[in-house]
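Asks: Take the sequence shown: its letters are residues 7 to 521, numbered as in the working numbering. Below you'll find the structure I mean.
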Amino acid sequence: MLGITHSAALMGVHAQPVQVEVNTGEVGELKFVLVGLPDSAVKESQDRVFSALANSGYRAPGTRTTINLAPGDLRKEGPAYDLPIAIGILASMEKCEEALLDQYLIAGELSLSGRTRPIKGCLAMALLARDSGKRGIIVPEESAHEAALVEGIKVYPVNSLDQTVRFLNGEHIIAPLRSEQSSYIQKPPQSQQLDFAEVKGQHAVRRAVEIAVSGGHNMLMLGSPGSGKSMIAKRIPTIMPEPELEEFLEILSIQSAAGSTLRQEHRYYQRPFRSPHHTISDVGLLGGGTIPGPGEISLAHNGVLFLDELPEFKRSTLEVLRQPLEDGTVTISRSAAKITLPCSMMLVAAMNPCPCGYTGDPSRECRCTVPQIQRYRSRISGPLLDRIDIHIEAPALSISDLRNAAPGESSETIRARCAQARQTQAARFRNEREPSHRCNARMSHAAIREHCQINQEQGRLLQQAMEQLSLSARAYDRILKVARTIADLAQSEKIETPHLLEAIQYRSLDRDTFY
């Protein structure tokens with residue numbers, strides 16, 4: 007007898023349909039044959055499935071059994087096919103109602119006892135089921151919470167093989183999980199949130215951070231050890247506007263594809279903050295592997311990628327950031343597949359001014375020679391520096407300054423201003439052809455010409471700054487983008503001269519002055 011179930015294969019952050027065909031009762035020796043380009047984890051499903059069937063009270067087929075995962079040229083990986091294979095076996099033995107199987111997409115790992123275990127990529131599978139016109143998706147209970155955020159599809163959480171069979175046979179009722187019941191909807195507790203009010207002094211840096219967040223601009227902080235660069239960077243997500251549901255689904259789909267959601271103890275509705283160590287490899291940062299998967303830049307999508315001690319990263323690792331920072335996507339080609347992943351993140355980098363860290367420090371003497379400082383700073387290439395919109399120095403604070411500094415503005419106050427600026431930009435780009443234009447930092451050249459117009463006097467001023475600082479054409483566009491964001495914060499329809507001057511000063515680390 008032939009039993010057919012429907013599942014999915016994860017390719018990057020998207021799911022592709024997979025049909026699981028099970029044929030039992032074949033003439034020949036007792037054998038379990040699995041075809042359809044499976045990896046080792048899928049091949050091992052035989053032992054898990056047969057043990058789960060036995061411990062759930064079902065008899066495994068006593069004849070030759072062939073299982074085909076179609077299409078045959080699509081590589082299948084992971085244990086997510088355990089549950090659809092088990093259901094397919096029971097359907098071929100007429101132990102499960104086959105009429106309903108075509109209406110559901112089924113995925114899940116099985117333990118030897120028959121209990122279900124969470125799988126990665128469940129949100130992408132829910133999107134596939136909705137777009138395929140399925141009635142619903144049947145997945146492990148722990149993975150159902152992310153799938154429930156997808157509107158237009160019913161998500162049925164199951165905790166065992168037996169419960170799944172009884173549900174399909176109409177012997178057991180499972181209520182679909184609603185989006186408001188998802189654990190990912192909850193907000194982080196106030197007690198666990200960092201706050202910008204804890205940052206003392208550094209008013210210039212705080213202003214630069216507010217501009218960067220308002221426009222989605224990349225930024226670089228240069229300062230001595232202990233000046234508060236890392237402290238400020240970790241609080242940047244607290245002033246970013248709350249993600250819209252569409253943005254959060256993009257965030258969650260990437261995390262789910264990478265398996266991050268399987269390890270999360272606390273699931274909150276928030277933007278990601280990724281801070282990889284400087285020893286990270288090119289693949290770890292960009293993404294890849296035998297079967298390509300997301301790296302740190304994609305896991306930071308719609309959030310913050312913080313690179314502390316920027317010159318300590320390998321030169322090759324930093325250089326792979328060029329194209330993703332420009333396009334907001336990264337394409338990875340491997341022998342197994344070619345995938346394109348989103349990586350529209352806000353890059354925040356921090357570095358010392360020299361190897362010892364104390365150039366320009368009023369209280370400590372720098373021990374570095376000029377050639378050492380030049381070699382240290384030259385680890386950051388000009389093309390990469392071009393793609394960082396805002397450069398700001400974070401001077402070290404004295405003990406008396408720290409003791410006497412008044413509390414700064416809270417994250418809530420700053421976030422309100424940033425959200426207002428983002429709303430202005432959303433209204434501006436509502437009719438743009440490219441949906442990626444959610445903030446000023448992502449403006450195309452055509453959008454810059456339309457929304458960042460300056461008068462003749464301002465044009466001469468900008469030209470003079472470009473010549474004196476030896477800036478590139480790319481830096482020219484980025485100055486205009488930052489000026490547009492400063493104008494949005496000031497609720498000004500036009501870019502005024504003070505806005506342009508402030509934007510120019512954020513290029514002070516460029517080119518000759520930097521090296």
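Yeah, the Cβ is synthetic: ideal placement off N, Cα and C, and Gly gets one too.
Assign ALA402 to one of three DSSP states: helix, strand, or coil.
Replies: Here ALA402 sits in coil by DSSP.
Asks: Whole angstroms is fine: what's the gap from ARG280's alpha carbon to GLY68's?
Replies: If you take the alpha carbons of ARG280 and GLY68, they lie about 51 Å apart.
Asks: Roughly how many angstroms lie between the CA atoms of LEU116 and ALA58, to the nearest whole one?
Replies: LEU116 and ALA58: Cα-Cα distance of roughly 7 Å.
Asks: Measuring CA to CA, which of ASN74, ALA76, LYS101, ARG513 is closest to ALA66?
Replies: It is LYS101.
Asks: What does DSSP give as the partner residues of GLY229 in its beta bridges?
Replies: Beta-bridge pairing links GLY229 to ALA400.
Asks: Please return the same chain residues whose Cβ sits closer than 6 Å to the Cβ of ALA15, not counting the five positions on each side in sequence.
Replies: So the list reads GLN22, VAL24, LEU80, LYS82, once near-sequence residues are dropped.
Asks: Determine the closest residue to ARG213 out of ARG448, LEU475, THR419, with distance taken between C-alpha atoms.
Replies: When only C-alpha atoms are compared, the closest one is THR419.
Asks: So, at 7 Å on beta carbons, what are the nonlocal neighbours of PHE56 in its own chain, with the 5 sequence-adjacent residues on each side left out?
Replies: Same-chain partners within the cutoff: ALA66.
Asks: Are the Cβ atoms of ALA402 and GLY229 separated by less than 8 Å?
Replies: Yes; because the gap between Cβ atoms is below 8 Å, this pair is in contact.
Asks: What's the gap between the Cα of MET246 and the Cα of LYS240?
Replies: When rounded, the distance between both Cα atoms is 12 Å.
Asks: Please name the residue or residues paired with ILE112 in a DSSP beta bridge.
Replies: Looking at the DSSP assignment, ILE112 forms a beta bridge with ILE144.
Asks: What's the call for PRO441, buried or exposed, on a 16-neighbour Cβ count within 10 Å?
Replies: In this prediction, PRO441 scores a pLDDT of 49, lower than 50, which makes its location untrustworthy; the coordinate-derived value is nonetheless stated afterwards. Counting Cβ neighbours within 10 Å, PRO441 comes out exposed, since fewer than 16 surround it.
Asks: Rank LEU75, HIS20, ASN61, ASP108 by C-alpha distance to the C-alpha of ASP45 and give the top, closest one.
Replies: The shortest C-alpha separation from ASP45 is found at LEU75.
Asks: Tell me the DSSP bridge mates of SER339?
Replies: Partner(s): LYS344.
Asks: Per the DSSP calculation, GLY299 is bridged to which residue(s)?
Replies: According to DSSP, GLY299 bridges with GLY294.
Asks: Looking at C-alpha atoms only, which residue of SER149, ASP333, GLY158, ARG123 is the closest neighbour of LYS140?
Replies: Out of SER149, ASP333, GLY158, ARG123, GLY158 has the C-alpha closest to the C-alpha of LYS140.
Asks: Taking Cβ positions, are GLY221 and LYS487 nearer each other than 8 Å?
Replies: In this structure, LYS487 lies closer than 8 Å to GLY221 by Cβ.
Asks: Does the separation of the CB atoms of SER266 and CYS128 fall below 8 Å?
Replies: No, the pair does not count as a contact, with Cβ atoms beyond the cut-off.
Asks: How would you call PRO298, buried or exposed, if buried means at least 16 neighbouring beta carbons within 10 angstroms?
Replies: Label assigned to PRO298: buried.
Asks: What number of angstroms, rounded off, separates the C-alpha of GLN470 from the C-alpha of LEU477?
Replies: Distance between the alpha carbons of GLN470 and LEU477 is about 10 Å.
Asks: Give a yes or no on whether the C-beta atoms belonging to ILE510 and ILE485 are separated by under 8 Å.
Replies: Yes.
Asks: Pick helix, strand or coil for ASN410, following the three-state DSSP scheme.
Replies: It is helical.
Asks: Cα separation between GLU456 and VAL211?
Replies: When rounded, the distance between both Cα atoms is 30 Å.
Asks: Within the continuous alpha helix (DSSP H) that includes SER46, where are the two ends?
Replies: Start and end: 46-49.
Asks: On the DSSP bridge assignment, give the partners of MET357 in chain order.
Replies: Beta-bridge pairing links MET357 to LEU228.
Asks: In or out: ASN437 buried (at least 16 other Cβ within 10 Å) or exposed?
Replies: Exposed, since its Cβ has fewer than 16 Cβ neighbours within 10 Å.
Asks: Is it true that the region 364-384 meets the region 149-169, where meeting means three or more beta-carbon pairs spaced less than 8 Å apart?
Replies: Too few Cβ pairs lie closer than 8 Å, so no.
Asks: Keeping to the same chain, check which residues put their C-beta closer than 6 Å to that of THR491; ignore five residues upstream and five downstream.
Replies: These residues qualify, in order along the chain: ILE217, SER220, GLY221, ASN446.
Asks: Within the region 64-134, note down every full alpha helix (DSSP H) run reaching 4 residues or more, in order along the chain.
Replies: Runs of the alpha helix (DSSP H) inside the region 64-134: 88-98.
Asks: Indicate whether the contact test is met: 3 or more Cβ pairs, each with one atom in the region 362-372 and one in the region 34-53, closer than 8 Å.
Replies: Contact fails: fewer than three Cβ-Cβ distances are below 8 Å.
Asks: Label GLN431 either buried or exposed according to how many other C-beta atoms from any shown protein chain fall within 10 Å of its C-beta, with 16 as the threshold for buried.
Replies: With 16 or more Cβ atoms within 10 Å of its Cβ, GLN431 is classed as buried.
Asks: Would a C-beta distance cut-off of 8 Å place GLU103 and GLY176 closer than the cut-off?
Replies: The answer is yes: Cβ separation under 8 Å.
Asks: Please classify ALA15: does DSSP put it in a helix, a strand, or coil?
Replies: Correct three-state label for ALA15: strand.
Asks: Give me the DSSP bridge partner(s) of PRO317.
Replies: BP columns for PRO317 are empty, so no partner.
Asks: With ILE379 and TYR512 assumed to form a contact (beta carbons below 8 Å), what rounded beta-carbon distance in angstroms separates them?
Replies: In fact, because the Cβ distance is near 22 Å, the residues do not count as touching under 8 Å.
Asks: Should GLY309 and ILE386 be called a contact, given that it needs their Cβ atoms to be closer than 8 Å?
Replies: No; because the gap between Cβ atoms is not below 8 Å, this pair is not in contact.
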